[in-house]
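Participant: Numbering (this note's numbering), first residue to last: 63 to 138. Virtual Cβ for every residue (Gly too), placed ideally from N, Cα, C. Source: prediction; values computed, not measured.
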(Lines of atoms letter the chains of each structure in order from A and count residues from 1; the text may use other names and numbers.)
(Lines give C-alpha, C1' and ligand atoms only; values in the text may rest on other atoms or scores of the structure.)
Protein backbone atom coordinates (compact mmCIF):
# COMPACT_ATOMS: atom_id res chain seq x y z
CA UNK A 1 0.00 0.00 0.00
CA UNK A 2 1.40 3.37 -0.99
CA UNK A 3 0.81 6.26 1.35
CA UNK A 4 -0.05 9.73 0.11
CA UNK A 5 2.31 12.50 1.07
CA UNK A 6 1.22 15.24 3.43
CA UNK A 7 1.16 18.87 2.33
CA UNK A 8 4.57 19.37 3.94
CA UNK A 9 5.79 16.16 2.30
CA UNK A 10 4.82 17.48 -1.12
CA UNK A 11 6.64 20.73 -0.39
CA UNK A 12 9.81 18.84 0.58
CA UNK A 13 9.54 16.63 -2.50
CA UNK A 14 9.20 19.67 -4.78
CA UNK A 15 12.24 21.26 -3.10
CA UNK A 16 14.31 18.09 -3.55
CA UNK A 17 13.34 17.81 -7.22
CA UNK A 18 13.94 21.51 -7.93
CA UNK A 19 17.49 21.38 -6.58
CA UNK A 20 18.31 17.78 -7.50
CA UNK A 21 18.79 16.59 -3.92
CA UNK A 22 17.77 13.09 -2.88
CA UNK A 23 15.76 12.73 0.30
CA UNK A 24 18.65 10.77 1.79
CA UNK A 25 21.06 13.65 1.11
CA UNK A 26 18.51 16.11 2.45
CA UNK A 27 18.15 14.17 5.68
CA UNK A 28 21.92 13.92 6.14
CA UNK A 29 22.40 17.64 5.52
CA UNK A 30 19.61 18.54 7.94
CA UNK A 31 20.96 16.17 10.59
CA UNK A 32 17.96 13.85 10.80
CA UNK A 33 17.43 10.16 10.11
CA UNK A 34 16.25 9.32 6.61
CA UNK A 35 13.78 6.72 7.86
CA UNK A 36 12.12 9.26 10.17
CA UNK A 37 11.99 11.82 7.35
CA UNK A 38 10.14 9.31 5.15
CA UNK A 39 7.67 8.60 7.95
CA UNK A 40 6.98 12.32 8.44
CA UNK A 41 6.52 12.87 4.70
CA UNK A 42 3.65 10.37 4.62
CA UNK A 43 2.18 11.45 7.95
CA UNK A 44 2.89 8.36 10.04
CA UNK A 45 5.01 10.35 12.52
CA UNK A 46 4.32 13.90 13.69
CA UNK A 47 7.93 15.09 13.31
CA UNK A 48 7.78 17.95 15.80
CA UNK A 49 11.58 18.00 16.13
CA UNK A 50 12.36 17.09 12.54
CA UNK A 51 10.30 19.66 10.63
CA UNK A 52 12.08 22.77 12.03
CA UNK A 53 15.50 21.27 11.23
CA UNK A 54 14.56 20.42 7.66
CA UNK A 55 12.82 23.77 7.15
CA UNK A 56 15.91 25.64 8.38
CA UNK A 57 18.14 23.68 6.01
CA UNK A 58 15.80 24.29 3.06
CA UNK A 59 15.71 28.04 3.74
CA UNK A 60 19.52 28.24 3.98
CA UNK A 61 19.95 26.17 0.82
CA UNK A 62 17.50 28.28 -1.17
CA UNK A 63 19.18 31.50 0.01
CA UNK A 64 22.63 30.22 -0.98
CA UNK A 65 21.54 28.83 -4.36
CA UNK A 66 19.18 31.52 -5.58
CA UNK A 67 19.83 32.10 -9.28
CA UNK A 68 20.88 35.52 -10.45
CA UNK A 69 18.14 37.37 -12.31
CA UNK A 70 18.67 37.63 -16.03
CA UNK A 71 18.20 41.11 -17.41
CA UNK A 72 17.32 41.38 -21.06
CA UNK A 73 17.31 44.63 -22.96
CA UNK A 74 15.18 44.99 -25.99
CA UNK A 75 16.27 47.44 -28.62
CA UNK A 76 13.37 49.00 -30.53
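(1) Helix, strand or coil: which one does DSSP assign to residue 80?
(2) Where residue 208 and residue 94 are concerned, what is the direct C-alpha to C-alpha distance, given to the nearest angstrom?
(3) What does the Cβ neighbour count give for residue 82, buried or exposed, with the cut at 16 atoms within 10 Å?
(4) When you compare the CB positions of residue 88 and residue 78, do they come within less than 8 Å of one another, or not?
Facilitator: Taking the definition as stated:
(1) helix
(2) Outside the shown range of the chain (63 to 138) lies residue 208, about which nothing can therefore be said.
(3) exposed
(4) yes
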